[in-house]
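Student: Protein sequence lines, in the order shown, are assigned to chains A and E.
Counted from 1, the first sequence has number 25 at position 42 by our numbering; the numbering is strictly sequential.
Counted from 1, the second sequence has number 160 at position 177 by our numbering; the numbering is strictly sequential.
Number of protein chains: 2
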Amino acid sequence: MHEALFKYIKTHSLTPLTESEMEVIKNTFVPNKLRKRQYFLQEGEVCKYMAFIVKGAMRQYSVDDKGVEHIVQLSIENWWVGDRESHTNLTPSIYNIDAWEDTDFLQATKDGFLNRLSSIPAINELFRNLDERYAIATQKRLNAHISLTAEKRYAELAKSYPEFLQRFPQHIIASYLGITKETLSRIRKQMVSK
Amino acid sequence: MHEALFKYIKTHSLTPLTESEMEVIKNTFVPNKLRKRQYFLQEGEVCKYMAFIVKGAMRQYSVDDKGVEHIVQLSIENWWVGDRESHTNLTPSIYNIDAWEDTDFLQATKDGFLNRLSSIPAINELFRNLDERYAIATQKRLNAHISLTAEKRYAELAKSYPEFLQRFPQHIIASYLGITKETLSRIRKQMVSK
DNA sequence: TTTACCTGTTGACATTTATCAACGGAAGTT
DNA sequence: AACTTCCGTTGATAAATGTCAACAGGTAAA
């Protein structure tokens, strides 16, 4: 179960892990699983864990006044899930996170991060790197929203993350793109005829 | 000139700076200034510096096929500017950054960050913290784009960053919100009548 | 097997926002 | 002072996207 995480850390940090560090990681990241549709986090709760997905898929979304879900993040194997804002500030989250497929993951608490993992250089490098990449990716996505049409945003998504289109149904993809499922359906129809 | 930066570091990190660290910072962050409309970074260039604004205002934007500018970031005193993606990966930037007012700032190269500043705990805490806050803020802004109307996004901006509305003209704010200046003008008209 | 739900599509229509053009006032420049 | 540029507003119209309703095929559940 932890093998996937060790492999991930290896590819995303420079410093290798020692045997004892691997032990600490094994004890700090505890395995857990959710069945499809079960919640990892619900709006109003404080996000207790940040988790690494070993197998499966989750989605993070907010719900507006009218009850419509707006997907802010989709995550599959080798992605992290959790609401960083809520997790680091211990504030109630405005997001929901649930399993879209049966999902196996490894979770760690804030306490675990601060008191056990923070002394491991590879972990620090990893999260530093992760925050950076996340900030860059979100910046790009935001720029796409401000400057591109829905059609171009879809094309970009299909190019950047083709596996998403396989794993999630169209209405989920539409929500992720910030459009309705009907609009996405029409955009796709137009695209094939071009 | 460096006083503003020291003060900023003090409020955003736990570890205090030693005298010698302050010396290193003074030597690594070099003062520079731009007149209104001059470029800090142009599309296609690699972003050589990350900069801390001491006085003034800058904007970061991309330009689309039709020559329309799309503002992705506005920055004033005590904000950082630069394209992190380009700066860390040494890739050509897709953004332009220019001064909206005459601006004084302190700039440091990637080399300066890696070889001089990385041994200073306060700086590491600061940037870790900065990346985190940036990632969270961008996430929020993206969520606003996906789930809110233009009117609500404007109201949120007015509440979160009222100083922006004073410092930047409406067509800049409109672009930041991802709408045209005409639409923003009409939204504002509607809002006062409510 | 039957039922219920989930998914994607389509049509008709409403709403939001963009586009284009024009105007007046404010501010900056010569 | 005359001139130019920038800024915000307004009107008319077009384009993009949303909303609501209906339907059909697929899949899961009873």
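C-beta: ideal position from N, C-alpha, C; glycine also.
For clarity, every value in this text was computed on a predicted model and none was experimentally measured.
Quick check on Asp47(A) - is its C-beta less than 8 Å from some C-beta in chain E?
Tutor: Reading the first sequence from its first residue, position 64 is the one you call residue 47(A). For Asp47(A), the answer is yes, since a Cβ of chain E falls inside 8 Å of its Cβ.
Student: With a threshold of 7 Å on Cβ separation, who are the neighbours of Thr86(E) within its own chain once the five nearest residues in sequence on each side are excluded?
Tutor: Position 103 of the second sequence, counted from the first residue, corresponds to residue 86(E). These residues qualify, in order along the chain: Lys16, Leu17, Ile36, Lys38, Gly39, Ala40 and Met41.
Student: Please confirm whether Val64(A) has its beta-carbon closer than 8 Å to some beta-carbon of chain E.
Tutor: For the purposes of this step, residue 64(A) is identified with residue 81 of the first sequence, where counting begins at 1. Chain E, which has no Cβ nearer than 8 Å to the Cβ of Val64(A), makes this no.
Student: I want to verify the contact list: residues of chain E whose CB lies under 7 Å from the CB of Glu119(A), in sequence order.
Tutor: In the first sequence, residue 119(A) corresponds to position 136, counting from 1. Glu is not the amino acid found at residue 119(A); the sequence shown has Ile there. Result: Arg67 and Glu68.
Student: Under a three-way DSSP split, which group does Val7(E) fall into?
Tutor: For the purposes of this step, residue 7(E) is taken as the residue at position 24 of the second sequence. In the structure shown, Val7(E) sits in a helix (DSSP, three-state: H, G or I).
Student: With a threshold of 8 Å between beta carbons, is Ile129(A) in contact with chain E?
Tutor: By 1-based counting over the first sequence, the position of residue 129(A) is 146. Yes, contact with chain E.
Student: Can Ile77(A) and Ser158(A) be called in contact, C-beta distance under 8 Å?
Tutor: Start at 1 with the first residue of the first sequence, and residue 77(A) comes out as number 94. Start at 1 with the first residue of the first sequence, and residue 158(A) comes out as number 175. No, they are not a contact pair.
Student: Measure the CB-CB distance between Ala91(A) and Thr11(A) and report whether it falls below 8 Å.
Tutor: Along the first sequence, one-based indexing puts residue 91(A) at 108. Along the first sequence, one-based indexing puts residue 11(A) at 28. Cβ distance < 8 Å, so Ala91(A) and Thr11(A) count as in contact.
Student: Does the beta carbon of Glu139(A) come closer than 8 Å to any beta carbon on chain E?
Tutor: Start at 1 with the first residue of the first sequence, and residue 139(A) comes out as number 156. No - not a single Cβ of chain E is within 8 Å of the one on Glu139(A).
Student: Any idea if Leu148(E) is buried or exposed, counting beta-carbon neighbours within 10 angstroms, 16 or more meaning buried?
Tutor: For this step, residue 148(E) is matched to residue 165 along the second sequence. Its Cβ having fewer than 16 others within 10 Å, Leu148(E) is exposed.
Student: For Gln56(E), collect the residues of the same chain with a Cβ closer than 6 Å to its Cβ; drop the 5 residues on either side in sequence, then sort them by chain order.
Tutor: Translated into the one-based positions of the second sequence, residue 56(E) becomes position 73. So the qualifying residues of the chain are Gln43.
Student: Between Val37(E) and chain A, is there a C-beta pair that is closer than 8 Å?
Tutor: Translated into positions along the second sequence, residue 37(E) becomes position 54. Chain A contact via Cβ: absent.
Student: Which residue marks the beginning of the alpha helix (DSSP H) containing Ser158(E), and which one marks its end?
Tutor: Along the second sequence, one-based indexing puts residue 158(E) at 175. Looking at the DSSP string, the run of the alpha helix (DSSP H) that includes Ser158(E) is Gln153 to Leu160.
Student: Check whether the region -6 to 4 of chain A touches the region 21 to 32 of chain A, taking contact to mean three or more Cβ pairs, one atom from each stretch, closer than 8 Å.
Tutor: Short answer: they don't touch.
Student: Mapping DSSP to helix, strand and coil, what is Asp81(E)?
Tutor: Locating residue 81(E) in the second sequence gives position 98, counting from the first residue. Asp81(E): strand per DSSP, three-state reduction.
Student: Find the residues of chain E that neighbour Val55(A), judging by a C-beta separation of less than 9 Å, and give them in chain order.
Tutor: Residue numbering aside, residue 55(A) sits at position 72 when the first sequence is read from its first letter. What Val55(A) touches in chain E: Gln122, Leu125, Asn126, Ile129 and Ser130.
Student: Between Glu146(A) and Glu139(A), what straight-line distance do the alpha-carbon atoms span, to the nearest angstrom?
Tutor: Residue numbering aside, residue 146(A) sits at position 163 when the first sequence is read from its first letter. Residue numbering aside, residue 139(A) sits at position 156 when the first sequence is read from its first letter. Those two C-alpha atoms are separated by around 13 Å.
Student: By alpha-carbon positions, which one of Lys19(A), Ala(-13)(A), Glu(-14)(A) and Ile(-8)(A) ends up nearest to Leu100(A)?
Tutor: Taking the first residue of the first sequence as 1, we reach residue 100(A) at position 117. Leu100(A) has its Cα closest to that of Ile(-8)(A), out of Lys19(A), Ala(-13)(A), Glu(-14)(A) and Ile(-8)(A).
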